[in-house]
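Contents: one structure, followed by commentary.
In UniProt numbering, the protein residues as written are 1 to 51.
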């Protein structure tokens with residue numbers, strides 16, 4: 001079985017990675033949204049305009 005120090009270290013590592021995942025998600029979502037809108041706006045050369 002795990003010792004107490006190992007369990008504490010594991011919990012710490014999982015917590016830190018969860019925090020990083022949340023921060024990355026908060027940063028990535030607006031970036032993906034902006035990229036999608038930018039691509040839609042600047043893609044009229046390849047595709048005929050639908051609007």
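For each residue, glycine too, the CB sits at the ideal point set by N, CA and C. Nothing here was measured: the structure is a model prediction, and the numbers come from that model.
Spatial distance of residue i from residue j (CA atoms)
i, j, result
"residue 38", "residue 19", "29 Å"
"residue 30", "residue 16", "22 Å"
"residue 3", "residue 9", "10 Å"
Collapsed DSSP secondary structure at residue i in the structure displayed
i, result
"residue 17", "helix"
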